[in-house]
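This report refers to the structure that appears directly beneath it.
Protein chains: 2
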Amino acid sequence: MARPNVSRQKVLDAAAELAAAKGISATTVDEIASAAGVAKGSVYYNFESKEAMYSLLITDALERAALRIRAALNNAADGTAVATVVRAFLMGIDEHPAAGKVVATEMFRLDRPWNESLAAQRDVFFSTLQDALVRDGRESSVSDAAAVFGAMLMVGFERVVFSPSMSLERAVASAAR
Amino acid sequence: MARPNVSRQKVLDAAAELAAAKGISATTVDEIASAAGVAKGSVYYNFESKEAMYSLLITDALERAALRIRAALNNAADGTAVATVVRAFLMGIDEHPAAGKVVATEMFRLDRPWNESLAAQRDVFFSTLQDALVRDGRESSVSDAAAVFGAMLMVGFERVVFSPSMSLERAVASAAR
DNA sequence: GTCTATAGGGGGATAGAC
DNA sequence: GTCTATCCCCCTATAGAC
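Protein chains in written order, with the numbering used here: chain A, 1326 to 1502; chain B, 1326 to 1502.
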């Protein structure tokens, strides 16, 4: 990307922000265009369809999160694997909370166009968490991985949406325990 | 309710099931009517609007969950308050998983008609959890309550959607720890 | 109470000038 | 690349027969 398309990025940001507040289906392309400060035609110049746009948003967010977590885990000291994963995840939410919210709300849905890649990423997340639990010598069944995943998701949003004064380390401590 | 309206209940069930899979906005009244086996006119005979119907669904589900949890907590033995809350919550999801999924996905949204009552119920849940944490002699900051809430939500859905063989007590143990 | 038919509006998407 | 104008479908909601 030598010269990144600025309109395209403005559209993606507006789309993420709106969908985080109202959901994807309730967000219209007119709203996205207006919030991004471009005409609707420009949205369709940059993206094939609304659906393709949100598919991209979701898979990109998941991929970035997975990369970030894997990198952090490689350098984790003994006994801190889970905390390291949680910290990396929370930092990702800090960086792009809207995208995180969109992904989180789509997480439970089954009948969606982008569901396949989402389910695959969900599995990656869970097995990464199970690995981390094993490395820390903790219980590591599916339900334990699910518990940590849910905890870090909810703590992350509580922090971003309702309690911005909560420190990162306080959040990590609560979610990783 | 001497003679409960059967059509009305069929409509509500279908509406919950469809919205759990696709989200509320993506679910059409035509689909709801068809899945319930009634005409669209009958949907509007029983409910003022689609929005009113889902508002009812959500507030009812939250109220039932709150009642169930408060009752369970009253009878909890020392040191088992958190596990008791989690167990009551998971049993509620077992009973009506679709309604639980609808509520969970709406939990993060800010721009929705039913948001006010949802936010109020969210606060009730959090303070109930904080009480339980205190009673068990555990850390009880907002982030700790959020962690337990997220854990029980995610474990509940993991169990209902992907791992039905997971026992209730295994789920409770993972989410309450 | 339940149906069919239809009104009315808003949504995604495209065409074509600049 | 960005805009305006427009198409056309589908969605919510209503009217009115039975």
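Cβ coordinates follow ideal geometry from the N, Cα and C atoms, glycine included.
Taking residue i as part of the alpha helix (DSSP H), name the residues at either end of that continuous run.
i          : result
A:Leu-1382 : 1375-1399
A:Asn-1371 : 1365-1371
B:Ile-1349 : Taken as a continuous stretch (DSSP letters only), B:Ile-1349 belongs to no alpha helix (DSSP H), as it is neither H nor E.
B:Phe-1433 : It is not in any alpha helix (DSSP H) - B:Phe-1433 carries neither H nor E in the DSSP assignment.
A:Val-1473 : 1467-1482
B:Ala-1496 : 1493-1501
A:Ser-1452 : 1440-1460
A:Thr-1409 : 1406-1420
Would you say residue i and residue j are within 8 Å of each other, going by their C-beta atoms?
i          : j          : result
B:Ala-1472 : A:Met-1416 : no
B:Thr-1409 : B:Leu-1398 : yes
B:Ser-1468 : A:Ala-1496 : yes
A:Phe-1414 : A:Met-1491 : no
A:Gly-1481 : A:Gly-1425 : yes
A:Thr-1352 : A:Ala-1358 : no
B:Ala-1340 : B:Leu-1387 : no
B:Trp-1439 : B:Tyr-1370 : no
A:Phe-1487 : A:Ala-1470 : no
A:Ala-1457 : A:Val-1407 : yes
A:Val-1354 : A:Val-1331 : no
Just tell me which of the options has its CA closest to the CA of residue i.
i          : options                                           : result
B:Ala-1402 : B:Ser-1465, B:Ala-1413, B:Val-1486 and B:Arg-1460 : B:Arg-1460
B:Phe-1474 : B:Thr-1453, B:Ser-1488 and B:Val-1486             : B:Thr-1453
A:Arg-1389 : A:Glu-1431, A:Glu-1342 and A:His-1421             : A:His-1421
A:Asp-1448 : A:Gly-1462, A:Met-1432 and A:Ala-1341             : A:Met-1432
A:Gln-1455 : A:Phe-1372, A:Ala-1501 and A:Ser-1374             : A:Ala-1501
B:Gly-1362 : B:Asp-1385, B:Leu-1458 and B:Arg-1333             : B:Arg-1333
B:Asp-1419 : B:Lys-1375, B:Val-1354 and B:Pro-1489             : B:Pro-1489
B:Arg-1437 : B:Glu-1376, B:Glu-1342 and B:Arg-1412             : B:Glu-1376
A:Glu-1494 : A:Gly-1462, A:Val-1411 and A:Ala-1396             : A:Val-1411
B:Arg-1484 : A:Ser-1466, A:Glu-1483, A:Arg-1484 and A:Val-1485 : A:Ser-1466
Mind reading off the beta-carbon distance from residue i to residue j? Whole number of angstroms is fine, and I expect it under 8 Å.
i          : j          : result
B:Val-1427 : B:Ile-1349 : 7 Å
A:Arg-1434 : B:Lys-1347 : 6 Å
B:Thr-1430 : A:Thr-1384 : Between A:Thr-1384 and B:Thr-1430 the Cβ distance is about 19 Å, and since that is not below 8 Å, they are no contact.
B:Ala-1360 : B:Glu-1342 : 7 Å
Please confirm whether any heavy atom of the ligand SAM lies closer than 7 Å to the CB of residue i.
i          : result
B:Ala-1429 : What this structure holds is no ligand at all, so the ligand SAM is not there to describe.
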